[in-house]
Amino acid sequence: MSAAEYRYRPSEFPAPPVVVRHINLTFDIAETQTRVIAETTFTVLAETLDVLTLNAKNLEIRKVRINGKNARYLYEDDLLKIQLSHPSHRGAHLTLWTETICRPTSNILEGLYYDASPAGLPKTQITQCQQWGFQRIAPVIDDMRAKSTWTTTIIADSRYTNLISNGDIKSPRTSHDATRDIITYQNNYPMPPYLFFLGVGTWDTFTRSLEYPDGKKIRLELLAEKGADPAGARAALDILADSILWTCLFTGPERYESPDVRLELYRLCRTRDKIISENPGNPEAALAPIRRQISILASDLVFGYQYPYDVYREISMQNSDFGGMENTGNTTIIQSRIMPTPEITDASYEYMIGVKQHEFYHNLNGSSVTGDTPFSIWLNEAVTVMMEDDYLSFLFGSDYIRLQNILQIYTPGTGTFSLDTGAAAMPIEPEGFNDPNDLITSVTYVKAPEFVRMIQVMLGNRAFTWALDLYHRRFAGGNASPRDWFDAMENVSKIDFSTMAGRWLKQTGYPTITVSAAYNAEEEVAEIIVDQTGFGDQSPWIFPLVGTLITDKGVAVAEFVEKIDGAHHEFTVPCVGAFAAAIWNPGHAAYVRIANDASDSELYLLLKYDTDVVSRFLAYQTLVDREMARLCRDPDYVPDSRLVDWYVATLSDNNAMQSTGSLSLTIFESVNDPEFTHRYAVLYSAKKRFMRSVAAASEQRLLALYTAYNTAEKPTTAPADLARIFKTRAVKNLILSHLATLDTPEVWDLIKKSYEKSSNATSRIAALSLYLSSTAPDRFEVLTLELDRSKADPVAWENFLAAVAGTSSPDTVAYLRMIEKSENFHVEQAGQARSLYLRFANNRKLSLETEEGRAFLRDSLISLSRVNEYISTGILSVFSHLDSYDQPVRDACFAILSDLVATVSDTEAPAVIRTARRIIAGSPKAQEASTK
Numbered sequence: 001m002s003a004a005e006y007r008y009r010p011s012e013f014p015a016p017p018v019v020v021r022h023i024n025l026t027f028d029i030a031e032t033q034t035r036v037i038a039e040t041t042f043t044v045l046a047e048t049l050d051v052l053t054l055n056a057k058n059l060e061i062r063k064v065r066i067n068g069k070n071a072r073y074l075y076e077d078d079l080l081k082i083q084l085s086h087p088s089h090r091g092a093h094l095t096l097w098t099e100t101i102c103r104p105t106s107n108i109l110e111g112l113y114y115d116a117s118p119a120g121l122p123k124t125q126i127t128q129c130q131q132w133g134f135q136r137i138a139p140v141i142d143d144m145r146a147k148s149t150w151t152t153t154i155i156a157d158s159r160y161t162n163l164i165s166n167g168d169i170k171s172p173r174t175s176h177d178a179t180r181d182i183i184t185y186q187n188n189y190p191m192p193p194y195l196f197f198l199g200v201g202t203w204d205t206f207t208r209s210l211e212y213p214d215g216k217k218i219r220l221e222l223l224a225e226k227g228a229d230p231a232g233a234r235a236a237l238d239i240l241a242d243s244i245l246w247t248c249l250f251t252g253p254e255r256y257e258s259p260d261v262r263l264e265l266y267r268l269c270r271t272r273d274k275i276i277s278e279n280p281g282n283p284e285a286a287l288a289p290i291r292r293q294i295s296i297l298a299s300d301l302v303f304g305y306q307y308p309y310d311v312y313r314e315i316s317m318q319n320s321d322f323g324g325m326e327n328t329g330n331t332t333i334i335q336s337r338i339m340p341t342p343e344i345t346d347a348s349y350e351y352m353i354g355v356k357q358h359e360f361y362h363n364l365n366g367s368s369v370t371g372d373t374p375f376s377i378w379l380n381e382a383v384t385v386m387m388e389d390d391y392l393s394f395l396f397g398s399d400y401i402r403l404q405n406i407l408q409i410y411t412p413g414t415g416t417f418s419l420d421t422g423a424a425a426m427p428i429e430p431e432g433f434n435d436p437n438d439l440i441t442s443v444t445y446v447k448a449p450e451f452v453r454m455i456q457v458m459l460g461n462r463a464f465t466w467a468l469d470l471y472h473r474r475f476a477g478g479n480a481s482p483r484d485w486f487d488a489m490e491n492v493s494k495i496d497f498s499t500m501a502g503r504w505l506k507q508t509g510y511p512t513i514t515v516s517a518a519y520n521a522e523e524e525v526a527e528i529i530v531d532q533t534g535f536g537d538q539s540p541w542i543f544p545l546v547g548t549l550i551t552d553k554g555v556a557v558a559e560f561v562e563k564i565d566g567a568h569h570e571f572t573v574p575c576v577g578a579f580a581a582a583i584w585n586p587g588h589a590a591y592v593r594i595a596n597d598a599s600d601s602e603l604y605l606l607l608k609y610d611t612d613v614v615s616r617f618l619a620y621q622t623l624v625d626r627e628m629a630r631l632c633r634d635p636d637y638v639p640d641s642r643l644v645d646w647y648v649a650t651l652s653d654n655n656a657m658q659s660t661g662s663l664s665l666t667i668f669e670s671v672n673d674p675e676f677t678h679r680y681a682v683l684y685s686a687k688k689r690f691m692r693s694v695a696a697a698s699e700q701r702l703l704a705l706y707t708a709y710n711t712a713e714k715p716t717t718a719p720a721d722l723a724r725i726f727k728t729r730a731v732k733n734l735i736l737s738h739l740a741t742l743d744t745p746e747v748w749d750l751i752k753k754s755y756e757k758s759s760n761a762t763s764r765i766a767a768l769s770l771y772l773s774s775t776a777p778d779r780f781e782v783l784t785l786e787l788d789r790s791k792a793d794p795v796a797w798e799n800f801l802a803a804v805a806g807t808s809s810p811d812t813v814a815y816l817r818m819i820e821k822s823e824n825f826h827v828e829q830a831g832q833a834r835s836l837y838l839r840f841a842n843n844r845k846l847s848l849e850t851e852e853g854r855a856f857l858r859d860s861l862i863s864l865s866r867v868n869e870y871i872s873t874g875i876l877s878v879f880s881h882l883d884s885y886d887q888p889v890r891d892a893c894f895a896i897l898s899d900l901v902a903t904v905s906d907t908e909a910p911a912v913i914r915t916a917r918r919i920i921a922g923s924p925k926a927q928e929a930s931t932k
């Protein structure tokens, strides 16, 4: 797709002709509309300015004044063009005063909109301003570079428990009239419009104090749904406090210095907090000794980011396209992920921990230092994702978190390796986009962090963290471009990244490399040859190749890092002896796929001796891929007993399972053989046959392991305990999934017992999915039972929807049709639509390869496109490899896209329709077939 076919291109983001100095807002909030008075002061940057242009979308413009006088204006095409009474020149000051009306809705989830509200109380109203939501609230220069200070006054129904916005309270809440209250906030730190937040609603408010090592205190607030469990809210606040403390102690320019002292400070601060919580009256006497210890240890350390405001707040929201959103001191998080509840799954719990640290770190990397245009969003997110991963590694173990990253890359269909080669693929910095949400993808949140990690590998940890700190100090309070970030990296490292960055940011795809190594005994070197493909008619990728050569006893004889910058590269490294195997790309240091031509014997040697969890996992995956290919080709093939035995032995290894849980035994429904890459039902059958071989060969062993892992757990929020419990549960449920392939009455009873008796949502949902995928005769009764049980709890309901949408049964579509008819299903609720429709779309063996699945996919896609473009655009990714599907499937899927484009107009869902057209344009085989 050429740049001309995008709605927005880099050339459409020139620097604003004015500097926005301050925005003073007054919100007069009613149930159906809000009157907004905005007074904005500007300094002119242009040599001459005749017309001041602001963004304004779906607003009623009542009055416009410039410098105190009524102004002439034109309001069209979402722009408010104000004619200045006389030209203004560089340095001139302007004051714009506007009175406008905005009207919230329940399904346009940007600007000011309605969220879930308690019965009998005024409607909760919150804002979502990323990327261009503020222009739905009031006229504004809706640009990331339009950073200013803010004053926000809110007048709203006095029955609301909370009236909140960015900054510190300037004028406390007080009565405005008989039915309304008023409050004013002041934000003295420059902030772009996309980080603005306003919320009026009825929440239960929970608070706790956070004390930094230097004694500075801030108040943490959690605004939870009405009736929230206080114990869960306290646990959520403790997790938040822990993430903020970790950010202070373990980020910043000297994060790798004095690690033992930092760990001791972390322990002492947590002990101090425990004393405070256990002595609510007057703990000062008990605190004095530990505070002295903290002060002494902290005196010589350089810390990371510290929050500058008085209050940091998290707000529960039920309806949002995003799991969380940083809003400068007011982070919104979806209700199902903001606090522990009995219905939260383990994966959601881990997400909850990560999103709290992620959004908090955005106060530095995003709010203090802001990108310059939407094309730099990737940088705000990439660095922040890396910090989130570091925090989760601190709590759950680095091997466990890194393997999660690897699954995000390699998972068929939804992994970035798969998405990066489809018709809808976009580079990290695309030529253009049709909607800012086009940029909120796994390319931004997975591939971009991997690119930044390659920079870190090339610099080394210490140099990287110094360069990152230089960047944050250099642009504090302002804007920065990716080029500014690379300048900081280059200033510290003296490495020129411009060519490498140009390729990784502008090209789609990734390198696939072949590597060979030979020992030259005479020279005592290893001779290494690297060839790469995957760049097509683009330039070869540049990346660091990390490698270790080992003997047949697992002893390393050579370790190295080499910069690869061509299609063919040869080099030598010192080597102290002959080697039997090579470990390439340990830790997945480079975003590359290795075409592994090692023999099975060499791969089993790596499984035995390789201590790097990622390269060992990928060696295992190569063996699994070979088995899957054989299973796909031959319906009578019996899986290799060596792999089955290794699998069961690893599953029985408690140390291995406590390190990475079930992740290291993941079996993808994929093969590298292009004949079967997109034959999803065949792949599912092959995986199931392998799993059944494991179960049949070791049924009694698996039953014993299941019993050992199926133990009662005491409720806890301690990270070390949670890590153990989550990994243990994952292994237990993996064992149950193997046994489920036997599909016998005895196994049905085991699964049903897990569903009925499990005290945690993870095991209950896993069992439900397995039972509904079985041939058990009462599975519809179980479906109805869970529908009735879960419908009263939004978190349980979304878990239920996702579990059913992911089942593997001839009845899956019937299940979904039944759910759609439930009065509890609401398509306008983003969480429900995402759980049901997006999850089913990615269930490709049914959504694409069955007639009833395609009919359901078509119907849901057409109806959802008019309600939620973001989720609908995500669904379209399942068509990315359209030309690779078998002809009947390809033709039927092409018909779905054609019906979508013909049925839904550009004005109803522009991002969806343009994406569909882009997929069609990138699928010439499907187009050609449709014309015959």
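What the sequence shown shows, in the UniProt record's numbering, is residues 1 to 932, in sequence order.
From the three backbone atoms N, C-alpha and C, an ideal C-beta is built for every residue, glycine too.
Note that the structure is a prediction, hence the values are computed from the model and not measured.
Q) Is Arg145 near Glu221, with beta carbons less than 8 angstroms apart? A) As a position in the sequence shown, residue 145 is number 145, starting the count at 1. As a position in the sequence shown, residue 221 is number 221, starting the count at 1. The answer is no: Cβ separation not under 8 angstroms.
Q: Report yes or no: do the stretch 155 to 174 and the stretch 93 to 106 share at least 3 C-beta pairs separated by less than 8 angstroms?
A: no
Q. Would you call Pro374 buried or exposed, if buried means 16 or more other Cβ atoms sit within 10 Å of its Cβ?
A. Start at 1 with the first residue of the sequence shown, and residue 374 comes out as number 374. Label assigned to Pro374: buried.
Q. Would Leu631 pass as a contact of Arg689 if the rule is Cβ separation under 8 angstroms?
A. The sequence position of residue 631 within the sequence shown is 631, counting from 1. The sequence position of residue 689 within the sequence shown is 689, counting from 1. For Leu631 and Arg689, yes; Cβs fall inside 8 angstroms.
(Q) Across the stretch 169 to 182 and the stretch 341 to 354, are there enough close Cβ pairs to call them in contact, namely three or more that are closer than 8 angstroms? (A) no
Q: Identify whether residue 933 lies in helix, strand or coil by the three-state DSSP scheme.
A: Not covered by the structure: residue 933. The range shown for the chain is 1 to 932.
Q) Under 8 angstroms between the Cβ atoms of Gln335 and Tyr391? A) The sequence position of residue 335 within the sequence shown is 335, counting from 1. The sequence position of residue 391 within the sequence shown is 391, counting from 1. No, they are not a contact pair.
Q) Since Leu547 and Thr512 are thought to touch, with beta carbons under 8 angstroms apart, how far apart are those beta carbons, to the nearest angstrom? A) In the sequence shown, residue 547 corresponds to position 547, counting from 1. In the sequence shown, residue 512 corresponds to position 512, counting from 1. Sequence inspection shows Gly at residue 547; the Leu mentioned does not correspond to that position. Contact doesn't hold; Cβ gap of about 17 angstroms is too wide.
Q: Starting from Gly422, follow the beta strand (DSSP E) in both directions and report where the run begins and ends.
A: Here residue 422 refers to the residue found at position 422 of the sequence shown. Element bounds for Gly422: n/a, residue is neither H nor E.
Q: Mind checking which residues open and close the beta strand (DSSP E) that includes Gln408?
A: Within the sequence shown, numbered from 1, the residue matching residue 408 stands at position 408. Counting along the chain, Gln408 falls outside any beta strand (DSSP E), though it belongs to the alpha helix (DSSP H) covering 398 to 410.
Q) Does DSSP put Ser877 in a helix, in a strand, or in coil? A) Within the sequence shown, the letter at position 877 stands for residue 877. Note: Ser877 maps to helix in three-state DSSP.
Q | Any 3 or more C-beta pairs closer than 8 angstroms across the stretch 418 to 431 and the stretch 870 to 886 | A | yes
Q. Helix or strand or just coil, what does DSSP make of Val385?
A. Indexing the sequence shown from 1 puts residue 385 at position 385. Looking at Val385 - three-state DSSP - the assignment turns out to be helix.
Q) Which term fits Ser698, buried or exposed, when burial requires 16 or more other beta carbons within 10 angstroms of its beta carbon? A) Walking along the sequence shown from the start, residue 698 turns up at place 698. By the neighbour-count rule (16 or more Cβ atoms within 10 Å), Ser698 is buried.
Q) Any idea if Ala4 is buried or exposed, counting beta-carbon neighbours within 10 angstroms, 16 or more meaning buried? A) Residue numbering aside, residue 4 sits at position 4 when the sequence shown is read from its first letter. No answer about Ala4 holds up, because its pLDDT of 49 lies below 50 and its placement is not dependable.
Q: Only counting runs of 4 or more residues, tell me where the alpha helix (DSSP H) segments fall wholly within the stretch 686 to 764, in order along the chain.
A: 699 to 709, 719 to 740, 745 to 757
(Q) Is the separation between the beta-carbon of Pro574 and that of Ala558 shorter than 8 angstroms? (A) Here residue 574 corresponds to residue number 574 of the sequence shown, with the count starting at 1. Here residue 558 corresponds to residue number 558 of the sequence shown, with the count starting at 1. Cβ distance < 8 angstroms, so Pro574 and Ala558 count as in contact.
Q: Give the secondary structure of Phe303 by DSSP, where H, G and I count as helix, E and B as strand, and everything else as coil.
A: Taking the sequence shown and counting its residues from 1, one reaches residue 303 at position 303. Reduced to three states, the DSSP call for Phe303 is coil.
Q.
Please state the DSSP three-state secondary structure of Cys102.
A. Residue numbering aside, residue 102 sits at position 102 when the sequence shown is read from its first letter. Three-state result, Cys102: strand.
Q: Let me know the secondary structure DSSP gives Gly120 once reduced to three states.
A: Indexing the sequence shown from 1 puts residue 120 at position 120. Of the three classes helix, strand and coil, the one that applies to Gly120 here is coil, per DSSP.
Q. Between the C-alpha atoms of Ile871 and Met317, what's the straight-line distance to the nearest angstrom?
A. Sequence index remark: in the sequence shown, residue 871 carries index 871 (1-based). Sequence index remark: in the sequence shown, residue 317 carries index 317 (1-based). Rounded to whole angstroms, Ile871 to Met317 spans 17 angstroms at the Cα level.
**Q.** 4-residue-minimum alpha helix (DSSP H) runs that sit fully inside the stretch 458 to 510, ordered along the chain
**A.** 461 to 474, 482 to 493, 498 to 506
Q. Run through DSSP, which three-state label would Tyr351 get?
A. As a working note, residue 351 is residue 351 in the sequence shown. Three-state DSSP puts Tyr351 in a helix.
Q) Starting from Asp50 and walking both ways along the beta strand (DSSP E), at which residues does that stretch end? A) For this step, residue 50 is matched to residue 50 along the sequence shown. Start and end: 48 to 55.
**Q.** Val261 - containing beta strand (DSSP E), residue span
**A.** As a first step, residue 261 must be located in the sequence shown, where it is residue number 261. Run containing Val261: none in the beta strand (DSSP E); it sits in the alpha helix (DSSP H), 259 to 278.
Q. Counting pairs of Cβ atoms below 8 angstroms between the stretch 485 to 493 and the stretch 458 to 474, do you hit three or more?
A. The stretch 485 to 493 and the stretch 458 to 474 touch, with no fewer than 3 CB-CB distances between them shorter than 8 angstroms.
**Q.** Leu750 versus Leu439, Ser774, Leu210, residue with shortest Cα-Cα distance
**A.** Here residue 750 refers to the residue found at position 750 when the sequence shown is read from its first residue. For the residues Leu439, Ser774, Leu210, the minimum Cα distance to Leu750 belongs to Ser774.
Q) So what's His588 in DSSP terms, helix, strand or just coil? A) Against the sequence shown, residue 588 aligns to sequence position 588. Three-state result, His588: helix.
Q.
Going residue by residue through the stretch 829 to 853, where are the continuous beta strand (DSSP E) segments of at least 3 residues, counting only ones entirely within it?
A. none
Q: Quick one: residues in its chain with C-beta nearer than 8 angstroms to the C-beta of Phe486, no 5 flanking neighbours on either side, listed in chain order?
A: Here the question's residue 486 lines up with position 486 in the sequence shown. So the qualifying residues of the chain are Phe497, Ser498, Ala501.
Q) Could you give the distance in angstroms between the alpha-carbon of Thr666 and the alpha-carbon of Thr53? A) Numbered from its first residue, the sequence shown carries residue 666 at position 666. Numbered from its first residue, the sequence shown carries residue 53 at position 53. Those two C-alpha atoms are separated by around 54 angstroms.
Q: Consult DSSP for Pro14 and reduce its assignment to one of helix, strand or coil.
A: The count along the sequence shown starts at 1 and reaches residue 14 at position 14. The answer is coil: DSSP assigns Pro14 none of H, G, I, E or B.
(Q) Check this for me: beta carbons of Lys687 and Glu669, under 8 angstroms apart or not? (A) The sequence position of residue 687 within the sequence shown is 687, counting from 1. The sequence position of residue 669 within the sequence shown is 669, counting from 1. Yes, they are a contact pair.
Q: Determine the extent of the beta strand (DSSP E) in which Asn330 is found, giving its start and end residues.
A: Within the sequence shown, numbered from 1, the residue matching residue 330 stands at position 330. 330 to 334 is the extent of the beta strand (DSSP E) around Asn330.
Q | Closest residue to residue 936 among Leu772, Asp721, Ser763, Ala581 (Cα-Cα distance) | A | Since the first residue of the chain shown is 1 and the last is 932, residue 936 is not available in this structure.
Q | Straight-line Cα distance separating Gly831 from Ile913 | A | The residue given as residue 913 occupies position 913 in the sequence shown. The residue given as residue 831 occupies position 831 in the sequence shown. Distance between the alpha carbons of Ile913 and Gly831 is about 22 angstroms.
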